[in-house]
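Count along the sequence shown starting at 1, add 102, and that's the number in this note's numbering.
Virtual Cβ for every residue (Gly too), placed ideally from N, Cα, C.
Everything numeric in this text was worked out from a predicted model, so none of it was measured.
Have a look at the structure below, then the notes.
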Amino acid sequence: MTATDGSVAPDRGRWITLEGGDGSGKTTQAALLQEWLQQRGRTVVRTREPGGTEVGRLIREIVLHHRGEIGARAEALLFAADRAHHVATLVRPALERGDIVIQDRYLDSSVAYQGAGRVLGADEVRELSLWATERALPDLTVLLDLEPEVARRRLDAADKPFDRLEAERGEFHARVREAYLALAAAEPDRFLVLDAALPPQDLAAAVQARVEALL
Ligand code: TYD
103 MTATDGSVAP
113 DRGRWITLEG
123 GDGSGKTTQA
133 ALLQEWLQQR
143 GRTVVRTREP
153 GGTEVGRLIR
163 EIVLHHRGEI
173 GARAEALLFA
183 ADRAHHVATL
193 VRPALERGDI
203 VIQDRYLDSS
213 VAYQGAGRVL
223 GADEVRELSL
233 WATERALPDL
243 TVLLDLEPEV
253 ARRRLDAADK
263 PFDRLEAERG
273 EFHARVREAY
283 LALAAAEPDR
293 FLVLDAALPP
303 QDLAAAVQAR
313 VEALL
């Protein structure tokens, strides 16, 4: 976790988040990174948002699968509530033990999906998550960047029912992608942006090179 002055405390764990549109391959990269770190004898905690805790799994069910209407602000607050509980009860304790946390999605997802996708505003949504987590930011965020049309073809091929966000139209996902790229440009030290169309092993090698420098 990064302190407010941007430095990483040497005696703490490391926190790596993966971001990108649906179908960009985050889960595959999280698994490959976990395996690589464990082979080096590191203790890894693998988690995700929404749904990294028991409370989070209840929130995930509502926010992704509720059949009726959920307003954009309510949706943003549900993701933020999941995040607050997740950071307080799982992520911070793991980092304090010195573990490496590999996390599928964090606050950048809210800025991209709720801030840009739902047009709530990037700054407001980011501030909401920072308040929720007492301003916790990862040491590294890997953005798997992919054209929304390619991602959609991957999701179609996987033949799984779409959740509330995946079911959104193409313009929504185009806004999400642009927002992610803007976030990465604004914080180049925290982000590693990779072309998610590359083969998984090439992506894994690029992630490992960057993580190696963090350890
Ligand atoms: P994810 O768990 O990556 O989906 P899956 O398990 O189906 O691969 O993410 C679930 C969805 O939630 C995804 O469409 C992105 C969305 N999401 C937000 O809109 N805001 C957020 O803050 C987070 C964490 C996820």
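Check, Outcome
"Does ligand 1 have a heavy atom nearer than 6 Å to the CB of ASP124?", "yes"
"Need the endpoints of the alpha helix (DSSP H) that GLU273 sits in, please.", "272-288"
"List the endpoints of the continuous alpha helix (DSSP H) containing ILE164.", "156-167"
"May I have the straight-line CA-CA distance separating LEU245 from ALA307, to the nearest angstrom?", "14 Å"
"Going along the chain, which residues of its own chain have a beta-carbon closer than 8 Å to the beta-carbon of ARG199, five neighbours each way excluded?", "GLY115, THR145"
"What are the residues that DSSP puts in a beta bridge with GLN205?", "THR119, THR149"
"Could you give the uninterrupted runs of the alpha helix (DSSP H) lying entirely in the segment 181-265, keeping only those of 4 residues or more?", "194-199, 209-212, 224-234, 250-260"
"If you follow the beta strand (DSSP E) that LEU294 is in, where does it begin and where does it stop?", "293-297"
"Is there contact here, the segment 153-164 with the segment 208-223, by at least three beta-carbon pairs under 8 Å?", "no"
"Between which residues of its own chain and SER109 is the CB-CB distance below 7 Å, once the five residues before and five after are set aside?", "Confidence at SER109 is low in this model, with a pLDDT of 49, below 50, so its placement is unreliable and no value can be given for it."
"Is PHE274 near ligand 1, with its Cβ less than 6 Å from a heavy atom?", "no"
"Could you tell me whether the segment 116-125 touches the segment 158-173, where touching means 3 or more Cβ pairs closer than 8 Å?", "no"
"Could you tell me whether any non-hydrogen atom of ligand 1 is closer than 6 Å to the CB of TYR215?", "yes"
"What is the rounded straight-line gap between the Cα of PRO250 and the Cα of GLU273?", "9 Å"
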